[in-house]
Every structure is written in structure tokens, then in C-alpha cells.
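Colleague: Sharing a structure below in C-alpha cells format, with a few things to ask.
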Amino acid sequence: MNKQTRAVRNLVLTVFVITLTNCSPPQEVEEFRLPISINEVMASLINHSADPIWIAAWRNPVTEQDWRELEHLARQLQVGGALLTIPGSGPVDTMWTSRRNWREYSLALSDSAGRAVNAARSKDMELVKRAGDEIIAICESCHSDFKPDLPTMNIYGELSPTADEIDD
Ligand code: HEC
Numbered sequence: 001m002n003k004q005t006r007a008v009r010n011l012v013l014t015v016f017v018i019t020l021t022n023c024s025p026p027q028e029v030e031e032f033r034l035p036i037s038i039n040e041v042m043a044s045l046i047n048h049s050a051d052p053i054w055i056a057a058w059r060n061p062v063t064e065q066d067w068r069e070l071e072h073l074a075r076q077l078q079v080g081g082a083l084l085t086i087p088g089s090g091p092v093d094t095m096w097t098s099r100r101n102w103r104e105y106s107l108a109l110s111d112s113a114g115r116a117v118n119a120a121r122s123k124d125m126e127l128v129k130r131a132g133d134e135i136i137a138i139c140e141s142c143h144s145d146f147k148p149d150l151p152t153m154n155i156y157g158e159l160s161p162t163a164d165e166i167d168d
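Residue 168 is where the sequence shown ends in my numbering, and the numbering goes up by one at each step.
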């Protein structure tokens, strides 16, 4: 084999190997899942971050720090709502997240929480209350559709006075 032939053979081999590498079957893309169940997201993130929004409605934030805290919690709720669209480790999470109205409630929750963020930023108590009332209505609607057998009342911690109007 002369030098030139060897060079050609090496080139052909290299091209062959590169082609093989590129032609390997596409990797299975694993569905992304949250590392915890939706129920845990609900208890540790959603419920936790929503509480202060309606508590704020009757215990006016005073200091700069109070308002900042309210804004951060509203942000957590905004992200939390969006996270509810992704199934986690719970046994029926996928069934829930695949339902259209589940998705709508989750994104509506995220949107209302986004309005609470803006309200906290502009230190507007009226808008905080309005966002808080929207949020409660969404929690209740989703619970009555998806967990009607569990009591919905008394899980909201301390309700803002304006929330009473919704319960009537
Ligand atoms: C998209 C639907 C949906 C929305 C929106 C929603 N929830 Fe839930 N929530 C559920 C379901 C379903 C369960 C029951 C989960 C289970 O049993 O595994 C639940 C459970 C809970 C629990 C009980 C957790 C436990 O461990 O007992 C609390 C508290 C709760 N939700 C609070 C809230 C609050 C507060 C809001 C609004 C800020 C809210 N949820 C919004 C669907 C929703």
C-alpha cells in the first residue's frame, strides 16, 4: 500500500466513523418531571406563598421590608402556579396536568399572582386586595373541580375580609 492509498483509506475510514456517529438513533427524551408531588408543591409553595397576600389585605404592610417580602412571596406564587402545569412524583399528577381546565386554573393563578407582584411593587393596597380575591376564587374553583371530596374551607389560613364576599 503506498502512501497515497493509505491516506485515502484513512480519510474514507474517518468519514465512515463520523457518519456512523451522526446516524446513531435519537436519544429518548425523558419527560421532565418535578422532583416532588403536586400535593407537596401545593402545601409547601402555593399555600405558603399565598397566605401572606391575603393577610396583608388587613394587616397593612408598613416598612419597605414588609413590601419587599410581600413582593417576593407573590413571585413565588407566580412561579408556583406555572409549576402546577408540570407533573411531579404524585400518583395522579399526570392525569391532572393533562386536563385543560387544570392548566387554565394554574396559569390563571400565576397571572393573578403576577398582578399581586405589581401591586406590591407600587405599594397599592387596593390592588393587593383585588389580586388576593382573584387568587382565592381560583384556589376554590380548582379544588371544587379536582378535589371535591376534601373540604376546601379553612385551608387558606387567615382570610382577608374581602374574601367573605366570594364565599357568599
Ligand atoms: C390547578 C388546581 C389547583 C389550584 C389552582 C390550587 N389547588 Fe390546592 N390542591 C389541588 C389538588 C388537586 C389538591 C389535592 C392534592 C392531593 O390530594 O394529592 C390540593 C391540595 C391543597 C392543599 C392540601 C395539601 C395537603 O397536603 O393537605 C392545600 C392547603 C391547598 N391545596 C391550598 C391551595 C391554595 C391556597 C391555592 C391557591 C392559592 C390552591 N391550593 C390552588 C388543586 C389546586
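From the three backbone atoms N, C-alpha and C, an ideal C-beta is built for every residue, glycine too. Predicted, not measured: the structure shown is a model, and the values here were computed from it.
1. Going by DSSP in three states, residue 89 sits in which element: helix, strand or coil?
2. Looking only at its own chain, which residues have a Cβ that is under 8 Å from the Cβ of residue 32, when we skip the five neighbours before and after it?
3. Ignoring anything shorter than 4 residues or poking outside the segment 64-124, list the alpha helix (DSSP H) runs there in chain order.
4. What did DSSP end up calling residue 33 once you bin it into helix, strand or coil?
5. I'd like to confirm something about residue 98: is its beta-carbon nearer than 8 Å to some heavy atom of the ligand HEC, or not?
6. Short check: CB of residue 135 to CB of residue 116, under 9 Å?
7. Indicate whether residue 50 and residue 113 have their beta-carbon atoms separated by less than 9 Å.
8. For residue 129, which three-state DSSP category applies?
9. Within the same chain, show all residues whose beta-carbon is closer than 6 Å to that of residue 142, passing over the 5 residues directly before and after it, in chain order.
10. Does the beta-carbon of residue 95 have 16 or more other beta-carbons within 10 angstroms, so that it is buried, or is it exposed?
Modeller: In short, the structure shows the following:
1. Three-state DSSP puts residue 89 in coil, outside helix and strand.
2. By the criterion of a C-beta distance shorter than 8 Å, residue 32 is surrounded in its chain by 86, once the five residues flanking it on both sides are discounted.
3. Entirely contained in the segment 64-124, the alpha helix (DSSP H) runs reaching 4 residues are, in chain order, 64-83, 93-97 and 100-121.
4. Here residue 33 sits in coil by DSSP.
5. Not so, every heavy atom of the ligand HEC lies at least 8 Å from the Cβ.
6. Contact: yes.
7. Less than 9 Å divides the Cβ of residue 50 from the Cβ of residue 113.
8. Three-state DSSP puts residue 129 in a helix.
9. Same-chain partners within the cutoff: 105.
10. Exposed is the call here.
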